[in-house]
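Numbering (full-length UniProt numbering), first residue to last: 1 to 412. Yeah, the Cβ is synthetic: ideal placement off N, Cα and C, and Gly gets one too. Model, not experiment: these values are computed from the prediction. The structure appears below as structure tokens.
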Amino acid sequence: MLQDKKTDPKFPTQNAFVNYQDPKSACRALRRRHHRLNRRTVRVQAADSWHQPEPHTALPPVVSTDSWFRLYRENFTGYTEHDSESDELLEEDEDYAPVKSYRRIKKKKTKGKNNQVATTTATAVVEDKGTNILALNNDCLDMICSWLQPNEQVRFARTCTRFADIFATRCKHEYKTMDLEKFNYMTVWEMRDFLYYTGNYIEEIVNPIPNLQHEKILQLINKHCPNLQTATLTESALTPIQFKDLLRNAPQLKELQLRNSKLKKCWTKALVHASQLERLTFPRDTKYKAESLNSFMHLKELSVASCIVSAEELLKSYDVLQNLHTLDLRFVEGLESAFYNLLEGLCPQLETLKMTCPSHPYERVALLPRLNHLELVVDFLSDAEISVAMLEYLVEHKADQLSVLKYMPKSH
């Protein structure tokens with residue numbers, strides 16, 4: 001029995017693995033998701049493939065229709081899919097013996113006694129003409145590996161130890177950034193093997209976490225990706241426990257983007273585990289509270305675009321704002337003219353400011369001492385436009401310093 005660490009210590013949940021001698025018995029147990037045992041409800045689900053008895057012996061054989069072998073035959077031997085009606089099985093020994101393909105010969109009809117027609121099938125072993133893929137040097141094999149998709153690369157690595165070493169070497173420079181959408185085309189076992197090879201080298205994950213194996217993917221990332229530095233989890237749904245585990249297992253995390261992600265209200269409490277965080281993007285429609293960021297004195301970039309922000313909460317974050325280099329306030333309502341008048345003293349290090357043009361005066365933002373990048377956006381629901389006073393202040397105070405000025409009117 002194994003205690004589930006995710007549950008409340010006062011009410012622990014225990015997990016157990018049950019091995020059945022007869023697979024049919026296991027199948028019958030899985031027909032019902034919940035069982036009653038000693039007046040208690042027990043939830044039943046199939047264990048992961050690698051927990052099954054003799055999992056590696058149950059792997060399907062490497063067939064000739066795999067992408068890497070098709071590529072080899074067509075480019076190095078001139079063989080195409082139409083040259084044989086069926087190439088069914090490849091065999092190889094541990095010493096990289098030549099690969100032989102077993103081809104089925106067409107059925108042959110013979111006449112026996114009483115003119116009965118008998119159909120027989122013969123099988124012959126035919127050596128493929130041309131260069132054996134195992135005879136290629138490592139540079140050629142590395143090139144073949146580069147043409148494969150991630151799930152195909154995992155199958156390539158499973159073939160033999162030599163292929164696994166080539167894939168492991170390639171992971172060091174190819175998978176600094178991992179697109180999570182590619183997991184949509186992998187089985188759970190392929191995800192596990194892929195992160196086993198690449199996890200130590202992945203520094204950035206991008207795009208939403210696939211919904212199909214959402215929890216399993218997070219568990220594998222937490223286990224195999226200790227050097228994660230950037231997480232762009234747009235449109236991802238995370239429970240407080242999942243979010244906390246992600247931050248706790250990524251001690252080097254420096255950038256966290258959660259735009260359009262679905263998180264519970266208490267998600268900010270987990271930020272204490274991201275002690276090295278330098279760039280943070282709040283999810284949309286999130287209520288900003290100063291207490292969630294007061295310990296992040298080294299925060300350099302903060303985005304609260306489309307969030308619920310009050311001037312009082314921002315003023316409480318005085319120590320955090322002092323060190324900011326980038327601040328995104330686009331589509332934030334409720335910031336009065338008094339806040340923009342104080343911005344010069346609140347953010348002395350600020351270099352980039354993104355904001356929505358308010359209906360009240362805001363030209364004093366041009367007095368920010370280090371400002372060199374300014375983006376002004378017009379809200380579609382507002383009649384406010386860029387003011388003449390703002391342009392005059394920019395010309396007067398930032399003519400030689402401002403390098404980027406972006407303005408997006410309603411027509412955009």
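When the Cα atoms are used, Ser403 and Arg370 turn out to be separated by approximately 11 Å. If you ignore the 5 residues before and after Arg40, its C-beta comes within less than 8 Å of no other C-beta in its own chain. Rounded to the nearest whole angstrom, the C-alpha separation of Asp383 and Val377 is 12 Å. Secondary structure of Arg40 (DSSP, three-state): strand. Straight-line measurement puts the Cα of Ala237 at about 24 Å from the Cα of Pro150. Between the alpha carbons of Met390 and Thr198 lies a gap of roughly 50 Å.
In this structure, His273 lies near Lys244, with their beta-carbon atoms less than 8 Å apart. In the structure shown, Leu402 falls within a coil segment according to DSSP collapsed to helix, strand and coil. With a 10 Å radius around the Cβ and a threshold of 16 neighbouring Cβ atoms, Ser275 comes out exposed.
Using a C-beta cut-off of 8 Å, the region 335-352 makes no contact with the region 277-297, since fewer than three inter-stretch Cβ pairs fall below that distance.
Using a Cβ distance threshold of 8 Å, Asn211 and Leu180 do not count as a contacting pair. CA-CA distance, Leu253 to Val320, rounds to 18 Å. Around the Cβ of Trp147, a 10 Å sphere holds fewer than 16 other Cβ atoms; the residue is exposed. Inter-residue distance for His360 and Glu336 is about 7 Å (C-alpha atoms, whole angstroms). Inclusion of Cys140 and Arg170 in the CB contact set at 8 Å is not warranted, their separation being larger than that value.
Cα atoms of Arg162 and Gln401: separation of roughly 57 Å, rounded to the nearest angstrom. Distance check between Leu324 and each of Leu368, Ala250 and Asn249 places Leu368 closest, using alpha-carbon atoms only. Within the region 338-397, the runs of alpha helix (DSSP H) at least 4 residues long that lie entirely inside it are, in chain order, 388-397. Taking 3 residues as the shortest admissible run, the region 190-221 contains the following complete beta strand (DSSP E) segments, listed from N- to C-terminal end: 204-206. Following the DSSP letters along the chain, one finds Asp245 inside the alpha helix (DSSP H) bounded by residues Pro240 to Arg248. Assigned with DSSP and collapsed to three states, His34 falls in strand. For Leu302, the enclosing beta strand (DSSP E) covers residues Glu301 to Ser303. When DSSP states are grouped into helix, strand and coil, Asp179 belongs to the strand group. Inter-residue distance for Ala399 and Lys406 is about 15 Å (C-alpha atoms, whole angstroms). Note on geometry: alpha-carbon atoms of His34 and Gln21 lie some 21 Å from one another. By DSSP's assignment, Arg279 forms a beta bridge with Glu255 and Glu301. Membership of Ala157 in the alpha helix (DSSP H) is indicated by the continuous run Pro150 to Thr159. It is roughly 16 Å from the alpha-carbon of Leu394 to the alpha-carbon of Glu385. Nearest C-alpha to Asn372 among Leu271, Leu353, Leu381 and Pro358: Leu353.
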